[in-house]
Every structure is written in structure tokens, then in C-alpha cells.
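Below: one structure, written as C-alpha cells.
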Amino acid sequence: MEETKEIGAALEEFRELQSRYPDQAQQDKVNTQPIIVSRFYDAVTSFYEFGWGTSFHFAPRSSNRSLAASQRDQQEEIVKLLGLEAGMIAGDIGCGIGGPMLHIAKVSGARVAGVNISKHQIQRGRALVEKAGLEQSCEFIQANFLDLPFADNHFDAMYSIEAVCHSPDRVQAFGEVFRALKPGGKLVIFDWVLTELYDDGDPWHRDVRGRVEFANATPSLFTAQEQIDSIRQVGFEILCADDHARNSDPETPWYCSLESRDLSISSLARMPLGRFCTANVTRLLEWLRIAPPGASDAAKMLNIAADALVEAGRLGIFTPSFLVQARKPESVREP
Ligand SMILES: C[S@@+](CC[C@H](N)C(=O)[O-])C[C@H]1O[C@@H](n2cnc3c(N)ncnc32)[C@H](O)[C@@H]1O
């Protein structure tokens with residue numbers, strides 16, 4: 021399993037592997053992507069935490085709710101959609117440093133096992149769980165979601181927030197989730213997909229998509245329909261599919277946290293001026309050898325990622341919050 025690396029070395033390896041990725045055969049992509057993702061999160065997790073807190077996902081926004089409150093609303097919606105309650109055990113696929121897992125365990129009373137390929141994030145997440153005193157309800161497991169280390173029919177419910185988009189093979193990822201879920205168990209996925217407005221024949225759309233993919237380590241975005249089809253293909257019944265980001269108020273779209281509209285002190289690090297300051301202060305700190313080598317490069321890459329996401333959001337060609345709620349049938353036909 022992948023070890024952690026310092027920011028500069030991680031970024032260098034990330035870039036080198038990313039540049040080779042498009043020309044690789046599918047099996048090589050499957051083998052390389054977990055390393056790309058690990059290097060990406062080695063490089064950017066401290067910046068994410070600085071700008072986003074402990075939950076690394078978007079959420080539908082309204083003018084009277086902060087990003088953190090909107091994220092908690094979405095996490096509580098997952099609890100409802102899954103029917104999670106005390107006595108149940110849930111799997112969080114691609115759990116980050118555990119912000120969603122901690123909140124979901126707290127409000128539902130269920131136990132949650134979070135799977136993450138990034139050793140760096142797991143180390144950070146375990147410290148947060150200990151601080152919250154939730155060791156009895158939250159567990160981190162370092163594993164690849166393409167090969168889940170759980171017996172068949174292990175979980176009562178499973179969810180994933182903005183993580184399967186990192187997969188070089190979504191069908192394999194959903195197949196593993198299907199296998200690990202009990203018959204009758206529910207799955208909720210919030211994920212990054214291209215909307216029906218995306219036109220692959222439009223060079224501008226393709227360019228924005230390429231920048232979103234490259235700067236976020238999301239190798240090949242699916243359309244919403246491809247996402248639904250691949251979840252159905254592995255055996256799930258689809259209960260609902262919906263672009264949840266559309267529930268944002270028009271004046272606070274999902275990407276407003278990356279623009280100048282989401283004014284609060286804590287949001288500064290995500291906004292253009294804050295990002296500019298972060299990149300420059302980081303460069304100075306790096307020069308003074310206070311920040312680790314590569315930190316300003318990582319900040320720069322995150323600025324590219326944020327700008328591409330805002331552009332994709334304004335064009336309406338992309339959503340980070342495509343919701344699919346699905347169920348594993350009670351009786352599963354043998355293949
Ligand atoms: C954008 S973050 C979202 C994290 C978390 N769901 C949240 O909302 O805070 C994506 C997560 O997926 C994890 N991930 C990506 N590829 C993975 C893989 N192949 N196996 C397990 N975890 C993976 C990353 O390490 C990261 O923690």
C-alpha cells in the first residue's frame with residue numbers, strides 16, 4: 021500500500037504519472053491511479069483542510085447557510101436516504117480525513133468504516149476521530165475501493181461522496197460496493213459527472229473538462245447517464261438520480277465557495293484573493309524554509325483546479341453533486 025511523501029516529491033511524482041496516464045492501457049491505468057491519487061492527496065490535503073475544514077465536498081448552497089452547514093445538511097440527507105440508525109454498520113467509500121464520517125456516525129448512531137487509499141489522509145483522520153472520542157463508531161481502513169477488504173454482504177448501507185470520480189474503472193468500483201453490501205441494503209453516491217450540457221464536440225468544453233480532470237486527479241469524468249448505467253450494470257436497482265447541486269439558490273451556485281461571493285473569514289482561503297495570498301505567502305514561507313518544498317506549486321495547482329471548476333460550473337457542463345440512491349435487491353441472481 022502507498023506510503024506518504026513530502027509535498028514537493030509527491031507533486032513531482034503526481035505530475036509525472038499524470039502525464040503518462042492518458043497513453044496507458046486500461047489495466048495500467050487501474051494500477052497507476054491509486055498511486056496518482058495518493059500522491060495528489062499527499063500534496064494537497066493540508067491546503068484542503070485549511071480552506072475546507074474536514075469535509076472535502078461541495079453541497080447545494082443557499083444565502084443563509086455557510087459551506088460547513090450546507091455540507092452537514094447533505095451528510096444528514098445521506099443518513100435519511102440510507103435509513104441509517106444505531107446498530108447498523110455503514111461503509112464510506114473514499115472517506116477523506118473523515119469529516120462526513122464523523123458527522124454521519126454522530127447523528128445516526130451507526131458505526132461507520134471509512135475506506136481511503138491515502139495513508140496521509142488516514143493518519144490525519146485517525147487523529148480527528150480520537151479527538152472527537154468516536155473511536156468506537158468510526159474506523160479508517162487503508163484500501164483501494166477497486167478491491168475492498170470486506171466479506172460479501174458485510175455492510176447494512178454504503179455511501180460515497182465525490183470519490184468514485186477518481187476511479188479509472190467505475191464499474192469495478194460499484195461492483196465491489198455491490199458485493200460488500202447486504203441484500204436489501206441501500207447505496208447513496210454523490211459524485212462528479214458531466215451534465216447534459218457538456219458537448220464533446222465543443223473545444224472549449226473539452227478544454228475545461230481536461231483542466232478539471234488533470235488538476236483534481238479525476239481521470240475520466242462520466243456523464244450522468246454513464247454513472248446511472250454503471251451502477252445499474254453491477255446489479256443495483258436505481259431508486260433516484262438527480263443533480264443535487266441544482267437545489268442551490270440561483271445567487272449561490274455550488275461553486276460560489278470558489279468565487280468571491282461566499283464572504284466569511286474562513287472562506288478566504290478558497291476565494292480568488294485568498295488563493296492569491298495563500299500562493300504568495302506559501303512561496304515566501306517555502307523560501308524561508310518554514311513551508312515544505314513544493315508547497316507553493318501545490319497551491320498553484322489548486323488554483324488551476326478551482327478556476328476550472330468555476331468555469332465548468334458557469335458553463336453548466338459539470339456538477340460535483342450528482343446523487344444516485346440505489347438498492348441491492350433482496351435476492352441476487354448468481355451470474
Ligand atoms: C474529494 S475526496 C472526498 C473525501 C470525502 N468523501 C469527503 O467528502 O470529505 C476523494 C477521496 O477519495 C479517495 N480515493 C480516491 N481513489 C481511491 C481509491 N482507489 N480507493 C480508496 N479511496 C480513494 C481519496 O483518497 C480521497 O480521500
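Take 21 as the starting number for the sequence shown in our numbering and just add one per residue.
Note that beta-carbon positions come from the ideal geometry of N, C-alpha and C, so glycine has one too.
Taking the alpha-carbon positions, what's the residue 283 to residue 268 distance?
Bear in mind that the predicted position of residue 283 carries a pLDDT of just 45, short of 50, making it too unreliable to give a figure here.
Examine the Cβ distances between the stretch 253 to 268 and the stretch 191 to 208 and report whether three or more of them are shorter than 8 Å.
yes
Smallest Cα separation from residue 333: which of 220, 260, 274?
274
Going by beta carbon distance, what residues of the same chain come within less than 8 Å of residue 321, once the five residues before and after it are set aside?
31, 63, 64, 235
Proximity below 8 Å, CB of residue 182 to CB of residue 340
yes
Distance CB(residue 166)-CB(residue 135) smaller than 8 Å:
no
Does ligand 1 have even one heavy atom less than 7 Å from the beta-carbon of residue 323?
no
CA-to-CA distance, residue 250 to residue 191, given in whole angstroms:
5 Å
In the DSSP assignment, find the alpha helix (DSSP H) that holds residue 151 and state where it starts and stops.
139 to 152
Do the stretch 153 to 164 and the stretch 118 to 134 make contact, defined as three or more Cβ pairs closer than 8 Å?
yes
Just to confirm my understanding: we take residue 142, look at its own chain, exclude 5 residues before and 5 after, and list those with CB closer than 7 Å. What are they?
136, 160, 162
One or two residues paired with residue 242 in a DSSP bridge
213
For a test of your reading of the model: does the CB of residue 166 fall under 7 Å from any non-hydrogen atom of ligand 1? Yes or no.
yes
Given 7 Å as the limit, tell me if residue 267 has its C-beta closer than that to any heavy atom belonging to ligand 1.
no
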